[in-house]
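Numbering follows UniProt numbering, with no gaps: position 347 of the sequence shown is 347.
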Amino acid sequence: MVINEIVYDPDQIDTCDDSNGEWVEIKNTDSSTPLTMTNWSVKDATTTLRSFSGEVSANGYAILVSNKSCFLQNHPGVSEFLIIDLNTKIGSGLNNSNGTSGFADQIFIFDEAGTQVAMVEYSDEAVEGKSLALFGGSWEEANPTPGAENVFDPGEPGPSPQPGPESAVTFSAPSSVVGGQEFIVTVSFSNFEPGTYALKVLIGKGDNFIYGNTKGSSDWLTQNGKWAEMPSVSIVHSGSVSKSIRAKVDDDASSGNYAITVSVAEKNGDDYEPLWSTGELETIALKVTAAPVGSHASQVVQTGNADGAENQESPALTQNPESFVQGEVLGEESAQKEEFQLNFYVIVGIFGLIVGSGGLVLGFRYRRNNSVAAR
1 MVINEIVYDP
11 DQIDTCDDSN
21 GEWVEIKNTD
31 SSTPLTMTNW
41 SVKDATTTLR
51 SFSGEVSANG
61 YAILVSNKSC
71 FLQNHPGVSE
81 FLIIDLNTKI
91 GSGLNNSNGT
101 SGFADQIFIF
111 DEAGTQVAMV
121 EYSDEAVEGK
131 SLALFGGSWE
141 EANPTPGAEN
151 VFDPGEPGPS
161 PQPGPESAVT
171 FSAPSSVVGG
181 QEFIVTVSFS
191 NFEPGTYALK
201 VLIGKGDNFI
211 YGNTKGSSDW
221 LTQNGKWAEM
231 PSVSIVHSGS
241 VSKSIRAKVD
251 DDASSGNYAI
261 TVSVAEKNGD
271 DYEPLWSTGE
281 LETIALKVTA
291 APVGSHASQV
301 VQTGNADGAE
311 NQESPALTQN
321 PESFVQGEVL
331 GEESAQKEEF
341 QLNFYVIVGI
351 FGLIVGSGGL
361 VLGFRYRRNN
371 SVAAR
């Protein structure tokens, strides 16, 4: 939707003051879907919000008026179905002349969530009874046409169409990540038309953007994954919106300097059409540290060594590297050593007893033999 026409200095009516005749026209730019405005609000450059609700047909109009009766006195042929009566001033009342800021006033429209969906800043170009009408992206003085297409004075050429602001995508991501480790990329859309847009994270070196993975609706998807399975964002009104998506570098990616970017495709029926080629996308630098061989980065603990490289060890090894043996229970080895030492001393003791007993027997026999010889 857009703000399409403004009357801030209406024709004077005896029974109505100037602010009661002010109005703002809204146009639904969607040619197929009605625009429902429930608990929306409008304000001027002041902080005074005015709430309203209504519906605008596809490619149709609605008119926010300060006072329905005063509006119809100036525009008696307008269908009442198009009128949304605020029954109060628009903000604190629209200014008729420029202030020190260089403009006369501003008009803001917010949806039910408080998100700004439209904004106009105008200067005092229209004389009393005339409107400021939008044509081709620019504003010109015109004869008021509330609820209908804007028309300029006969014999005066209308302004040349001006290109609107270009759609743009910006994003933010960490400057350094570990291979296979999940991280968040926040993507911001500016000046996009209403629609559904799919997002894909691309990570690469040079022209080879083959190392990125994007978390889809159910699983991780490579750069060749289907657009329909990629995360998406739906833009209801023209303007800006942001979305955070999950991404990671390939588990087996080597350490080094990479580039990261985000590709966007617009949904058209059952198909998706990329808005830009890879070469047209803006990139930012991404430093990647390789994950350890045979393990997943999210399952390891990282510790730094003296030369700044990354050592990645299992949690069990970091607790007590000397006592950990694969397949053994911690503490079993020391118990086995103690048992072995005990058995060793028992054997030595028994051997000593045997040797000692043998010595006693030999000594006894020697003494006996000597005694016999003496006789």
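The beta-carbon is built from N, C-alpha and C at its ideal position, and this holds for glycine as well.
Residues near residue i by beta carbon distance below 6 Å, same chain, minus five either side
i      : result
Val120 : Ile3, Ile107
Thr93  : Looking at the sequence shown, residue 93 is not Thr but Gly. Only Ser19 meet the Cβ criterion.
Thr46  : Gly91, Ser92
Lys267 : Thr196
Glu55  : Pro34, Thr36
Asp250 : Tyr211
Trp139 : Leu132
Ala198 : Trp227, Met230, Ser232, Ala265, Tyr272
Leu130 : First, the residue type needs correcting, since residue 130 is Lys and not Leu in the sequence shown. So the list reads Glu141, once near-sequence residues are dropped.
Gln73  : Ile13
Sequence-distant residues of its chain with Cβ nearer than 7 Å to residue i (five each side left out)
i      : result
Ala58  : Asn28, Asp30, Ser31, Ser32, Thr33, Pro34
Asp124 : Asn96, Ser97, Asn98, Ala104
Glu229 : Gly216, Ser217, Leu221
Alpha-carbon to alpha-carbon, residue j and residue i
i           : j      : result
Trp276      : Thr115 : 28 Å
Thr48       : Ser41  : 10 Å
Ser167      : Val264 : 11 Å
residue 442 : Gly180 : The shown model of the chain, from 1 to 375, leaves out residue 442, and the question about it has no answer.
Ala142      : Ala126 : 8 Å
Thr222      : Ser232 : 16 Å
Pro76       : Asn224 : 60 Å
Val151      : Leu134 : 10 Å
Lys89       : Ser242 : 33 Å
Thr261      : Pro292 : 25 Å
Ser254      : Leu281 : 24 Å
Gly102      : Tyr122 : 9 Å
Ile6        : Thr38  : 22 Å
Same chain only: Cβ atoms within 8 Å of residue i, ignoring 5 sequence neighbours per side
i     : result
Asp17 : none
Tyr61 : Asn4, Glu25, Ile26, Lys27, Asn28, Leu82, Pro146, Gly147, Ala148
For residue i: DSSP bridge partner residues
i      : result
Leu221 : Thr214
Asp271 : Asn268
Lys68  : In the DSSP output, where bridge partners are listed per residue, Lys68 has none listed.
Lys287 : Ser176, Asn257
Gly54  : Met37
Glu5   : Glu25, Ala133
Ser232 : Ala198
Buried/exposed call for residue i, threshold 16 Cβ in 10 Å
i      : result
Asp14  : exposed
Thr214 : buried
Ala148 : exposed
Ile184 : exposed
Lys226 : exposed
Glu22  : buried
Asn87  : exposed
beta-carbon residue i near the ligand SAH non-hydrogen atom, thresh 8 Å
i     : result
Val65 : Ligands in the displayed structure: none, and consequently the ligand SAH is not present.
Please list the segments of the beta strand (DSSP E) lying wholly inside the segment 168-213, counting only runs of 3 or more residues, in order along the chain.
168-172, 176-178, 183-192, 195-204
Complete beta strand (DSSP E) runs within the segment 81-161 (minimum length 3 residues, chain order)
83-85, 105-110, 116-122, 131-135, 138-142
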